[in-house]
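One structure below.
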Amino acid sequence: MSRPLKFRAWDDTKKEWTFNIKVNINITESVGSRTGNIWMKSARKFHKVVIEQYTGLKDMHGKEIYEGDIVFDKRCRIYTGLPSDNHTYIVKWEERIATFVLYHTGKYSNSFVMFKDYKDLEVIGNVHENPELLGGEE
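No gaps in the numbering here: position 76 of the sequence shown is 76 in the working numbering, and each next residue is one more.
Next comes the structure, spelled out in structure tokens:
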């Protein structure tokens, strides 16, 4: 399956998004890390910027799903086997299996499920602007 490689960037200092960015890191001005966080030089100040990738999928309303998004299983069709009625997930990249997955929020935040029936998912926010949707945990 081919998908467009699209990225968005969250500037944690300015608290704002930049969409459709091109990732071109100049080693003299920024430092990368495995978590995707980078420091970008801007107007002689360094800002913490988080780069997040588009999954190639869209939610039930046609909204693009990016890593870092918080999604709700609107029809509760993803069976997890966990004794929980929380159907809210964080979209994350899972390095061990090289794919995007849905991590549970709250009590079962260390477990994840694969994207299935993603057309029943609704993007309700993201980890940067809506941390309250995580129940105080990420």
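Glycine included, each C-beta is placed from N, C-alpha and C at the ideal position. Everything numeric in this text was worked out from a predicted model, so none of it was measured.
- Judged by DSSP in its simplified three-state form, residue 120 adopts helix.
- The alpha carbon of residue 6 has as its nearest neighbour, out of 16, 58, 14, the alpha carbon of 58.
- In the three-state DSSP reduction, residue 16 falls in the strand class (E or B).
- If you ignore the 5 residues before and after residue 119, its C-beta comes within less than 7 Å of the C-beta of 60, all in its own chain and listed in chain order.
- DSSP places residue 132 in the helix class (H, G or I) of the three-state scheme.
- Residue pairing by DSSP puts residue 125 in a beta bridge opposite 70.
- In the three-state scheme derived from DSSP, where H, G and I count as helix and E and B as strand, residue 98 is classed as coil.
- Residue 59 sits in coil when the DSSP states are folded into three classes, being neither helix nor strand.
- Collapsing the DSSP output to three states places residue 92 in a strand.
- In the DSSP assignment, residue 112 falls within the beta strand (DSSP E) that extends over 112-114.
- A Cβ-Cβ distance of about 5 Å is found for the pair residue 122 and residue 74, placing them in contact under the 8 Å criterion.
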